[in-house]
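Visitor:
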Ligand SMILES: [Zn+2]
Ligand SMILES: [Zn+2]
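Residue numbers (this note's numbering): 1424 to 1606.
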């Protein structure tokens, strides 16, 4: 299953590990699940889940869209190698999106550029992830600054929001180095 947020060529070929900004924004604004792309629960008592690194908690938002709290969060924590502990470090050589252009003039990959974020984190340890669940009435998109622009849609707010549950999902003993690198 290809997560809803993952970039793909017009042919359908997916680039696992690379989110497409339009797909992310559609999820954030439309209250859609980042894994299956379907609407999150809006029923009384409904929940959504966020996969959080310590740095997300500190800056007050999750850049990744929310997930269905049961099926999709469980699926993602099981199969995603950065979260399930199979990958301990980000790939040493960041993926070259410009080299991955497919040549189809109607595919939007000719607009893809390599991000400074990917270059900066290349080869660094992947932080531990926490799975937090929230009541659906707490859901708010978060507008902040990014790349020198203010009031940009950047994620799902953690500010002023109380989780129902939080648990560590990366199977790892937390060392003081993890905590320090997260900060
Ligand atoms: Zn393409
Ligand atoms: Zn889902």
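Beta carbons: idealized from backbone N, C-alpha and C, even for Gly.
(1) According to DSSP, residue 1578 sits in a beta bridge with which residue or residues?
(2) Run the Cβ filter for me: residues under 7 Å from any heavy atom of ligand 3, listed in the order they occur in the chain.
(3) Does the segment 1532-1539 come within contact of the segment 1449-1467, defined as at least 3 CB pairs closer than 8 Å?
(4) Over the uninterrupted beta strand (DSSP E) stretch that includes residue 1589, give me the two end residues.
(5) May I ask you to check if the CB of residue 1443 is nearer than 7 Å to at least one heavy atom of ligand 1?
(6) Taking 7 Å as the cut-off, is the C-beta of residue 1503 nearer than that to any heavy atom in ligand 1?
(7) Cα separation between residue 1480 and residue 1486?
(8) So, under 8 Å CB-CB, residue 1491 and residue 1463 are touching, yes? Tell me the CB distance rounded to an integer number of Å.
(9) Go through the segment 1527-1573 residue by residue and report every complete run of the alpha helix (DSSP H) that reaches 4 residues or more, in order.
(10) State the Cα-Cα distance for the pair residue 1516 and residue 1431, rounded to the nearest angstrom.
(11) Would the segment 1517-1528 and the segment 1555-1564 be scored as touching if the rule is three or more Cβ pairs under 8 Å?
(12) Name the DSSP bridge partner or partners of residue 1485?
(13) Cβ of residue 1483 within 8 Å of Cβ of residue 1581?
(14) For residue 1461, which residues from the same chain have a beta carbon less than 8 Å from its beta carbon, with the 5 sequence-adjacent residues on both sides left out?
(15) Indicate, with yes or no, if ligand 1 has a heavy atom lying under 7 Å from the CB of residue 1527.
Guide: Reading off the structure:
(1) To locate residue 1578, count along the chain shown from 1; it is residue 155. According to the DSSP secondary-structure assignment, residue 1578 is paired through a beta bridge with 1565.
(2) Inclusion of ligand 3 in the displayed structure is not the case, the ligand content consisting of ligand 1 and ligand 2 alone.
(3) Segments in contact, no.
(4) What you label residue 1589 is simply residue 166 of the chain shown in a count that begins at 1. Boundaries of the beta strand (DSSP E) harbouring residue 1589: 1588-1591, taken from the DSSP string.
(5) For this step, residue 1443 is matched to residue 20 along the chain shown. Incorrect: residue 1443 has no Cβ contact closer than 7 Å to ligand 1.
(6) Within the chain shown, residue 1503 is the residue found at index 80, counting from 1. Residue 1503 has its CB no nearer than 7 Å to any heavy atom of ligand 1.
(7) Taking the chain shown and counting its residues from 1, the one referred to as residue 1480 is at position 57. Taking the chain shown and counting its residues from 1, the one referred to as residue 1486 is at position 63. Cα to Cα, the separation comes out at about 11 Å.
(8) The residue labelled residue 1491 in the question sits at position 68 within the chain shown. The residue labelled residue 1463 in the question sits at position 40 within the chain shown. Confirmed, about 7 Å.
(9) For the segment 1527-1573, whole alpha helix (DSSP H) runs of length 4 or above, ordered along the chain, are 1539-1544.
(10) As a first step, residue 1516 is located in the chain shown; it is residue number 93 there, counting from the start. As a first step, residue 1431 is located in the chain shown; it is residue number 8 there, counting from the start. The alpha-carbon atoms of residue 1516 and residue 1431 are separated by roughly 20 Å.
(11) Three or more Cβ pairs closer than 8 Å define a contact, and the segment 1517-1528 falls short of that threshold against the segment 1555-1564.
(12) Counted from its first residue, the chain shown places residue 1485 at position 62. Bridge partners of residue 1485: 1579.
(13) For the purposes of this step, residue 1483 is taken as the residue at position 60 of the chain shown. For the purposes of this step, residue 1581 is taken as the residue at position 158 of the chain shown. Cβ atoms of residue 1483 and residue 1581: closer than 8 Å.
(14) Counted from its first residue, the chain shown places residue 1461 at position 38. These residues qualify, in order along the chain: 1455 and 1491.
(15) As a working note, residue 1527 is residue 104 in the chain shown. Checking every heavy atom of ligand 1 against the Cβ of residue 1527, one is found closer than 7 Å.
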